Amino acid sequence: MKKISLYHKGTSILPKKNKSNKGISLVEVVVAIAIFSVLSTVAYQTYITVNRLTVSSDKKDVAVRLAEEGIEAMRSIRDYNFTSLPTIGTIGIVIGATSTWQASGTSDVTNGYIRTLTFTPVDADTTTITSKVDWLDRGATSTLTLNSTLTNWEKIVLQSAGLTINTTGANLSQAASRRLLTGITLAVSATSSTTTINQVNVSWTTAIRRLQEIRSPNGTLVFGPVSVVSGATSTLSTSISMNPGTSKTIEFYFDSTMATNTITITFIMTDGSIKTVVITNPPIGT
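Using the numbering used here, read the sequence shown as starting at 25 and increasing by one per residue.
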């Protein structure tokens, strides 16, 4: 059998080996490993960052709920009895034996969250409350605060609360033989409700004198003419009604001179509230 030669003119017909193939494969592996390492590091760092943000967000959500709970607890106490609220200072809260919120110390702790409620009075019927929650986040203290204003919204405002009686100009009219007490002004606050006076009680020190007329505004008869003894309550024939921010004058006519008397006048409103003024030895006017 004839042998076939694998060489032609001194040259092998087998493909030559590329000496650089081994080198290229190694570089590719190194590059691939480097890229994988970078991507893995980035992915891990991203995971850690997202996880930290998620944990921080969850902790803040808990703090918000605790702060809101503190304010709602104070609203609950306010609705039951406004005067039960602290007037000033800082407290914590707990649920008492009667399953109602109660003040406890200067703060309260829930699973590592420290809550404090601070009260600042605005007026007799209004207070501001700051609900603050502190907690640890990755070794550092974080703080969240919520604010609210609580008012005594159930308080019944009496008509007398908005009524002012000005007696600085009160005098006995000389022209009326000192029988007419005038110069008195009734005024209702602009922030009050309509005030209606339907009764007046007048007393004086000279018992033999008699009240005959009440006029409001000056000159307009709302009671009398009659003869009323000292200390009697008189129901007005025409009630004195005043809108918020308005005023009216009022005067009292007696059967004889009222000089050197001490006169006490009590105004009675339709809601039963009263307002009293005392005029001692009123001066003589014109």
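Think of the CB as a built atom: it goes at the ideal place given N, C-alpha and C, for glycine as much as any other residue.
Just so you know, these numbers come straight off a predicted model, no measurement behind them.
Secondary structure note for T167: its beta strand (DSSP E) is the uninterrupted segment A164 to T175.
The shortest CA-to-CA distance from A97 to any of S280, G193, N195 and G120 is the one to G120.
A Cβ-Cβ separation of about 5 Å places T288 in contact with S227 under the 8 Å criterion.
In terms of Cα proximity to S184, the closest of T165, R202, N222 and G193 is N222. Here the C-alpha atom of G309 lies approximately 5 Å from the C-alpha atom of N195.
Under the Cβ criterion (8 Å, minimum of three pairs), the stretch 229-239 does not count as touching the stretch 165-177.
A straight-line Cα-Cα distance of about 23 Å links D147 and I298.
In the DSSP assignment, P249 is bridged to no other residue. Approximately 6 Å separates the beta-carbon atoms of L141 and S155; this is inside 8 Å, confirming the contact. For L182, no beta strand (DSSP E) run applies, since DSSP gives it neither H nor E. The Cβ atoms of T192 and S271 lie no closer than 8 Å to each other.
V55 places its beta carbon 8 Å or farther from that of Y137.
Taking 8 Å as the upper bound for CB-CB distance, G94 and R139 are in contact here, some 6 Å apart.
According to the DSSP secondary-structure assignment, K156 is paired through a beta bridge with T140 and T169. Looking at the DSSP output, E237 sits in a beta bridge with Y277. Looking at the DSSP output, Q126 sits in a beta bridge with V118. Residue environment: N305 is assigned as exposed (fewer than 16 neighbouring CB atoms within 10 Å of its CB, all protein chains considered). Only residues of its own chain outside the window of five on either side were considered, and among them I238, F247, T257, S258, L260, I289, T290, F291 and I292 have a CB closer than 8 Å to the CB of V224, listed in chain order. Linking T218 to L182 through their CA atoms gives a straight-line distance of about 10 Å. Remark: C-beta atoms of P268 and T206 do not approach each other more closely than 8 Å.
Put simply, of V118, V88, G243 and S131 the residue whose alpha carbon is nearest the alpha carbon of L168 is V88. The Cβ atoms of T220 and T294 sit closer than 8 Å to each other. When DSSP states are grouped into helix, strand and coil, T304 belongs to the strand group. Between the alpha carbons of T281 and V212 lies a gap of roughly 31 Å. Secondary structure of T229 (DSSP, three-state): coil.
About 20 Å separates the beta carbon of T151 from that of L90, a gap too long to meet the 8 Å contact definition.
Put simply, the backbone Cα of S263 is about 14 Å away from that of T273. DSSP places D82 within a helical segment (H, G or I) once states are collapsed to three.
In the structure shown, the three-state DSSP call for L109 is coil. Cβ contact annotation for S240 (same chain, cutoff 6 Å, sequence separation greater than five): V246, I264, K272 and I274, in chain order. Taking the CA atoms as reference points, K84 sits about 27 Å from I112.
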